[in-house]
Amino acid sequence: MKEEERQAKLEQLARCAELAEQAYDAMYEAHSFTQANACYSDAKEAFYDAIQCAEELGLPEQADSLEKRLSHIKSVFRSQFTL
């Protein structure tokens, strides 16, 4: 991978991780289960994209960290937003 491609991928990774965290935060601001569920879905999708970027960049520790964060968010959602 060329340096320019690597830099672009690193920026994409950072954007995806930030979007994931923003969606997670928005989950708590939701006014209905439907809205919370949509935010949760957005967070998961952004985390999956970030994990893929980390793996493509050869950053297994970062991919693992993102996977752990996603797992935590899944647990939170299941315990706080579902019946």
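Position in the sequence shown (first residue = 1) + 525 = our numbering.
Built from N, CA and C at the ideal position, the CB exists for glycine as well.
Remember, predicted model here, so these are calculated numbers, not experimental data.
I need the boundaries of the alpha helix (DSSP H) containing residue i, first residue and last residue.
i           : result
residue 535 : 528-554
residue 559 : 558-581
residue 606 : Where residue 606 is concerned, there is no enclosing alpha helix (DSSP H), given that its DSSP letter is neither H nor E.
Going by the CB atoms, is the gap between residue j and residue i shorter than 8 Å?
i           : j           : result
residue 582 : residue 527 : no
residue 541 : residue 552 : no
residue 485 : residue 606 : This structure leaves residue 485 out entirely; the chain is present only between 526 and 608.
residue 545 : residue 571 : yes
For residue i and residue j, what's the separation of their Cα atoms in angstroms?
i           : j           : result
residue 602 : residue 586 : 24 Å
residue 574 : residue 538 : 8 Å
residue 577 : residue 588 : 8 Å
residue 598 : residue 604 : 10 Å
residue 596 : residue 556 : 24 Å
residue 591 : residue 559 : 25 Å
residue 569 : residue 532 : 24 Å
residue 536 : residue 554 : 27 Å
Does the beta carbon of residue i come closer than 8 Å to any beta carbon on chain C?
i           : result
residue 598 : The chain inventory of the structure shown lacks chain C, comprising one protein chain alone.
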